[in-house]
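Worksheet for the structure shown next.
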Amino acid sequence: METFPVIDMERLNGGERGETMDLIKDACENWGFFELVNHGISHDLMDTVEKLTKNHYRKCMEKRFKEMVESRGLDAAQSEINDMDWESTFFLRHLPVSNISEIPDLDEDYRKAMKEFVVDLEKLAEQLLDLLCENLGLEKGYLKNAFYGSKGPTFGTKVSNYPPCPKPELIKGLRAHTDAGGIILLFQDDKVSGLQLLKDGKWVDVPPMRHSIVINIGDQLEVITNGKYKSVLHRVIAQPDGNRMSIASFYNPGSNAVIYPAPTMVEKEAEKSQVYPKYVFEDYMKLYAGVKFLAKEPRFEAMKAVESTVNLASIATV
Ligand SMILES: [Fe+2]
Numbered sequence: 004m005e006t007f008p009v010i011d012m013e014r015l016n017g018g019e020r021g022e023t024m025d026l027i028k029d030a031c032e033n034w035g036f037f038e039l040v041n042h043g044i045s046h047d048l049m050d051t052v053e054k055l056t057k058n059h060y061r062k063c064m065e066k067r068f069k070e071m072v073e074s075r076g077l078d079a080a081q082s083e084i085n086d087m088d089w090e091s092t093f094f095l096r097h098l099p100v101s102n103i104s105e106i107p108d109l110d111e112d113y114r115k116a117m118k119e120f121v122v123d124l125e126k127l128a129e130q131l132l133d134l135l136c137e138n139l140g141l142e143k144g145y146l147k148n149a150f151y152g153s154k155g156p157t158f159g160t161k162v163s164n165y166p167p168c169p170k171p172e173l174i175k176g177l178r179a180h181t182d183a184g185g186i187i188l189l190f191q192d193d194k195v196s197g198l199q200l201l202k203d204g205k206w207v208d209v210p211p212m213r214h215s216i217v218i219n220i221g222d223q224l225e226v227i228t229n230g231k232y233k234s235v236l237h238r239v240i241a242q243p244d245g246n247r248m249s250i251a252s253f254y255n256p257g258s259n260a261v262i263y264p265a266p267t268m269v270e271k272e273a274e275k276s277q278v279y280p281k282y283v284f285e286d287y288m289k290l291y292a293g294v295k296f297l298a299k300e301p302r303f304e305a306m307k308a309v310e311s312t313v314n315l316a317s318i319a320t321v
């Protein structure tokens, strides 16, 4: 059986670079997910972020979560729940403008550690985009530029906890979806598992690994690569024991970035021609907000319909 791809980034610096680039390429083409070790982010910093995230959950989020469970009767459910997730979350925005100082309930040391962590993640995201460019035959900086718009990329973090669940067979930690954005960097709990991706029709575990960063590809990279790389369905299975921490950071296009298949990807994938739409990223996000847990293909079709309306309108006025 194929094993989940783990990339040792230190091997990019020596004689094993070619082999490592091939592993990344294979992971992007066949998994949509991979796990990075030796990524250069301090393990001490990761330990601090983990400890403070778990403290913050206990201090500020746990009571609220338990009240929500009780008020909605989730722990007494008798049949499957399909319109909710068993998760406790909050969001931070870093780019284009940080809102971290405005988030209530964060201790100063937590704010400071998160700020430091996301600066490292942003650099790692940009490094990865260039590695992907290299594998795709795109010029260095192509993906970063494609995401830039007029104000630079959008970068944010969803901090989640998946508390122990008495009925994991009836409610998901997080229902199956693909991620809307560009590239996603996840710092996940190294003890409590639960994240799964769909591969060849089967759900496969993303193995917890201490100090690793899990990477996955969002819908925007599928569009820009004209389907060479695909965003992959994933979900979180709630666990009966243990509280799962998940810190997912999304390196996404700027809201006014125009997203479309890279011309060279269309040429290379000539037999398929351009099968993906061209649109403004914020329009995609408006659509996604209402249909996150539905299949992605109708989203692409809906954006194509918008594109043709726009084109028709501009022709009509000529
Ligand atoms: Fe996701």
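Residues are numbered in the working numbering as their position in the sequence shown, beginning at 1, plus a constant of 3. Each residue gets a CB set at the ideal place from its N, CA and C atoms; glycine is no exception.
I'd like to confirm the pairing. Which residues does DSSP put opposite Thr157 in its beta bridges?
Asn255, per the DSSP bridge assignment.
Quick one: residues with CB closer than 6 Å to any heavy atom of ligand 2, in chain order, please.
This structure lacks ligand 2; the ligands present are ligand 1.
Does the stretch 197–212 come within contact of the stretch 136–143, defined as at least 3 CB pairs closer than 8 Å?
no
Start and end residues, alpha helix (DSSP H) containing Asn148
145–149
With DSSP as the reference, label Tyr60 as helix, strand or coil.
Helix.
What residues match up with Gln81 in a beta bridge as DSSP calls it?
None, per the DSSP bridge assignment.
Helix, strand or coil for Lys202? Go by DSSP, reduced to three states.
strand
Measuring straight from C-alpha to C-alpha, what distance separates Ser317 and Phe150?
Annotation note: pLDDT 49 at Ser317 (below 50); position unreliable, coordinate value reported separately. Their backbone Cα atoms lie some 25 Å apart in a straight line.
Looking at the structure shown, is Gln191 part of a helix, part of a strand, or coil, going by DSSP?
strand
Please confirm whether Val226 and Ile262 have their CB atoms less than 8 Å apart.
yes
I think Leu173 touches Ser82, with their Cβ atoms under 8 Å apart; what is that distance to the nearest whole Å?
A Cβ-Cβ separation of about 7 Å places Leu173 in contact with Ser82 under the 8 Å criterion.
Exposed or buried, Asn16, counting other C-beta atoms within 10 Å across all chains shown (16 or more means buried)?
By the 10 Å Cβ count, Asn16 comes out exposed.
Where do the ends of the beta strand (DSSP E) carrying Leu177 lie?
177–180
Residues in its own chain within less than 6 Å of Glu285 by CB, not counting five upstream and five downstream?
Ser258
Please classify Asn85 as buried or exposed, where buried requires at least 16 other C-beta atoms within 10 Å of its C-beta.
exposed
Report yes if the CB atom of Phe93 is closer than 8 Å to the CB atom of Val162, and no otherwise.
yes
Classify Asp182 as buried or exposed, calling it buried when 16 or more other Cβ atoms lie within 10 Å of its own Cβ.
The residue in question, Asp182, is buried, as its Cβ has 16 or more Cβ neighbours within 10 Å.
State the CB to CB distance for the pair Leu98 and Pro169, rounded to an integer number of angstroms; the pair is presumed to be in contact (CB under 8 Å).
That belief does not hold up - the Cβ atoms of Leu98 and Pro169 are roughly 39 Å apart, past 8 Å.
For Met248, three-class secondary structure by DSSP
Strand.
To the nearest whole angstrom, what separates the beta carbons of Asp208 and Ser249, a pair I think is in contact under 8 Å?
Not confirmed; about 14 Å, so no contact.
Who are the Cβ neighbours of Ala305 in its own chain at under 7 Å, not counting the five residues just before and after it?
Leu290
Here's the rule: buried if 16 or more other CB atoms are within 10 angstroms of the residue's CB, otherwise exposed. What is Ser45?
exposed
Inter-residue CB distance, Lys233 and Gly35 (contact presumed, cutoff 8 Å)
6 Å
With H, G and I counted as helix, E and B as strand and the rest as coil, what does DSSP make of Ile106?
coil
Would you tell me roughly how many angstroms separate the C-alpha atoms of Leu198 and Tyr145, rounded to the nearest one?
Using only the alpha carbons, I get a separation of about 31 Å.
So, for Asn302: in the same chain, excluding its five sequence neighbours on each side, which residues have a beta-carbon less than 8 Å away from its beta-carbon?
Note that residue 302 is Arg in the sequence shown, not Asn. These residues qualify, in order along the chain: Asp222, Tyr287, Leu290, Tyr291, Val294.
Go ahead and pull the three-state DSSP assignment for Phe303.
helix
Residue range of the beta strand (DSSP E) that Asn33 falls in?
It is not in any beta strand (DSSP E) - Asn33 instead sits in the alpha helix (DSSP H) that spans 20–33.
For Gly21 and Glu310, I'd like the C-alpha separation in whole angstroms.
39 Å
Quick check on the burial criterion: 16 or more other C-beta atoms within 10 angstroms. Buried or exposed for Val308?
According to the sequence provided, residue 308 is Ala. The question's Val does not apply to it. A residue is called buried when at least 16 other Cβ atoms come within 10 angstroms of its Cβ; Ala308 does not meet this threshold and is exposed.
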